[in-house]
Amino acid sequence: MDRKHFLKSVLLTTGGVLLGGTTIYRCLNSKETTDTSLPSLIDKTHQGNMKKILVIMSAGTKRGNTDRLTDAYIKGLVERGHSVTKVYLGSMRIEGCRGCGVCQRLAHQCTVRDDMQDIYPLFAECDTVVMASPLYFWTITAKLKSFIDRLYAISVDDKYPQKDSVLLMTAGDDNDTTFEQPIRYFRLLNQALGWNEVGLYCAGGCTGCEKLARQIDKVHLENAYKMGLEL
Numbered sequence: 001m002d003r004k005h006f007l008k009s010v011l012l013t014t015g016g017v018l019l020g021g022t023t024i025y026r027c028l029n030s031k032e033t034t035d036t037s038l039p040s041l042i043d044k045t046h047q048g049n050m051k052k053i054l055v056i057m058s059a060g061t062k063r064g065n066t067d068r069l070t071d072a073y074i075k076g077l078v079e080r081g082h083s084v085t086k087v088y089l090g091s092m093r094i095e096g097c098r099g100c101g102v103c104q105r106l107a108h109q110c111t112v113r114d115d116m117q118d119i120y121p122l123f124a125e126c127d128t129v130v131m132a133s134p135l136y137f138w139t140i141t142a143k144l145k146s147f148i149d150r151l152y153a154i155s156v157d158d159k160y161p162q163k164d165s166v167l168l169m170t171a172g173d174d175n176d177t178t179f180e181q182p183i184r185y186f187r188l189l190n191q192a193l194g195w196n197e198v199g200l201y202c203a204g205g206c207t208g209c210e211k212l213a214r215q216i217d218k219v220h221l222e223n224a225y226k227m228g229l230e231l
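Have a look at this one:
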C-alpha cells in the first residue's frame, strides 16, 4: 500500500469513529451529492384565518404542469386568507387499500403503516380537500386513487367526514371528452361520500415531461389563481 492510500485509509477509519465517516469520505472523494429530485412531502404554505385547505398534489413531478397549476390555485387561496397545507402525494409511499376490513373493527384506524398515516390527521382537520392530478389513461393517478380508497378506514357505517372538494387536472390532450371520465368519477365520489363540490378546473393542451412540463398555458395558471381567490 502506498503512502497516499495508507493516509486515506487511516482518515476514513478515524472519521468513521468520530463522525460516522460521512464527511471525510465526501471530502476525500469530492463527490458530495444531494438528491433534489424529491420535494418536501408536506408543505404548510400559509396559516390564514379562514378555511383549512388540504391540497393533495398527486403528480410525481415537482414544478411540472400539475404542480404549477396547483401552485397558481394555492396563490389565490393564500391571498384570500385560507390556511393551506400541500401534500406531495406522488413522492410518498402510499399503498392501496388491502380490503382487510380490520380498520372497521379497530377504532377506524388503518393498519397499513406507510405515509398515509401522516395524511389522516391533516384530512381530519381540513374543511376543503383539493385533489390535483395529471390525466393518466383517461383518469386520475393511481396514487390519488389509493389515497381515496384508504379513506375507507375512517368511515363509520359507510359515512365520511363532510368536506368541500376541488379537482384540478392537466392533460396533453384537449378535446370535449378528454376529462370526461375523471370528472364523472369526481362527482360520483362527492355524491357517495357526501362532499360538496366547490371547484373544478381542467387544463388541456399541456406538453409532456420531455419538455420538463413547462409549457402549460399561462391562461390556465391565471384562471386557477382567480378560482383560488373566489373560494
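The letter at position 10 of the sequence shown is residue 10 when you use UniProt numbering, and the numbering goes up by one with no holes. We treat Cβ as the ideally placed atom computed from N, Cα and C, and that holds for glycine. Everything numeric in this text was worked out from a predicted model, so none of it was measured.
Beta-carbon spacing of residue i, residue j below 8 Å
{"i": "M169", "j": "G199", "result": "no"}
{"i": "residue 241", "j": "R93", "result": "With the chain covering only 1 through 231, there is no way to say anything about residue 241."}
{"i": "I154", "j": "Y120", "result": "yes"}
{"i": "D127", "j": "K75", "result": "no"}
{"i": "L151", "j": "T178", "result": "no"}
{"i": "V130", "j": "K163", "result": "no"}
{"i": "C202", "j": "N65", "result": "no"}
{"i": "A171", "j": "L69", "result": "no"}
{"i": "L167", "j": "F137", "result": "no"}
{"i": "L231", "j": "L89", "result": "no"}
Pairwise C-alpha distance: residue j and residue i
{"i": "L122", "j": "Q109", "result": "14 Å"}
{"i": "E95", "j": "S146", "result": "7 Å"}
{"i": "residue 247", "j": "C100", "result": "One cannot answer for residue 247 here, as it falls past the ends of the chain, which runs 1 to 231."}
{"i": "Y73", "j": "Q104", "result": "36 Å"}
{"i": "L188", "j": "P161", "result": "16 Å"}
{"i": "L106", "j": "M116", "result": "17 Å"}
{"i": "P39", "j": "D67", "result": "Note that P39 scores 42 on pLDDT, short of 50, meaning its location in the model is unreliable and no value can be drawn from it."}
{"i": "Q47", "j": "H220", "result": "26 Å"}
{"i": "G21", "j": "L41", "result": "A caution first: G21 carries a pLDDT of 42, below 50, which makes its placement in the model too unreliable to give a value."}
{"i": "V156", "j": "D118", "result": "20 Å"}
{"i": "P182", "j": "A192", "result": "15 Å"}
{"i": "E222", "j": "L229", "result": "11 Å"}
{"i": "D173", "j": "D158", "result": "36 Å"}
{"i": "D217", "j": "G81", "result": "26 Å"}
{"i": "T34", "j": "R63", "result": "Interpretation of T34 is limited by its pLDDT of 37, a score under 50 that renders its predicted location unreliable; the figure taken from the coordinates is listed afterwards. Approximately 18 Å, taken between the alpha carbons."}
{"i": "T139", "j": "N175", "result": "15 Å"}
{"i": "E197", "j": "N49", "result": "22 Å"}
{"i": "S133", "j": "Q215", "result": "16 Å"}
{"i": "N190", "j": "E180", "result": "16 Å"}
{"i": "S91", "j": "D71", "result": "17 Å"}
{"i": "residue 232", "j": "K44", "result": "Given that the chain is displayed from residue 1 to residue 231, the structure contains no residue 232 and the question cannot be resolved."}
{"i": "S83", "j": "A124", "result": "14 Å"}
{"i": "G194", "j": "G60", "result": "29 Å"}
{"i": "V87", "j": "D114", "result": "14 Å"}
{"i": "residue 234", "j": "E79", "result": "A question about residue 234 goes unanswered here, because the residues of the chain that appear run from 1 up to 231."}
{"i": "R184", "j": "S165", "result": "14 Å"}
Opening and closing residue of the alpha helix (DSSP H) in which residue i lies
{"i": "V78", "result": "65-80"}
Endpoints, the beta strand (DSSP E) within which residue i is located
{"i": "A142", "result": "Taken as a continuous stretch (DSSP letters only), A142 belongs to no beta strand (DSSP E), being part of the alpha helix (DSSP H) at 142-150."}
{"i": "I183", "result": "Element bounds for I183: not the beta strand (DSSP E) but the alpha helix (DSSP H), 180-193."}
{"i": "A224", "result": "Looking at the DSSP string, A224 is not in any beta strand (DSSP E); the run it does join, the alpha helix (DSSP H), is 218-230."}
{"i": "D118", "result": "It is not in any beta strand (DSSP E) - D118 instead sits in the alpha helix (DSSP H) that spans 116-125."}
{"i": "D164", "result": "164-170"}
{"i": "E95", "result": "E95 -> no beta strand (DSSP E), and no H or E assigned at all."}
{"i": "S83", "result": "83-88"}
{"i": "V102", "result": "First-last for V102: undefined, no H or E at that position."}
{"i": "N175", "result": "Where N175 is concerned, there is no enclosing beta strand (DSSP E), given that its DSSP letter is neither H nor E."}
{"i": "M131", "result": "128-134"}
{"i": "N196", "result": "196-203"}
{"i": "I53", "result": "52-57"}
Near the ligand NAD: residue i beta-carbon under 7 Å from a heavy atom
{"i": "F186", "result": "Among the components modelled here there is no ligand, and therefore nothing to report on the ligand NAD."}
(request) Please determine if the segment 47-61 and the segment 141-159 are in contact, where contact requires at least 3 C-beta pairs separated by less than 8 Å. (result) yes
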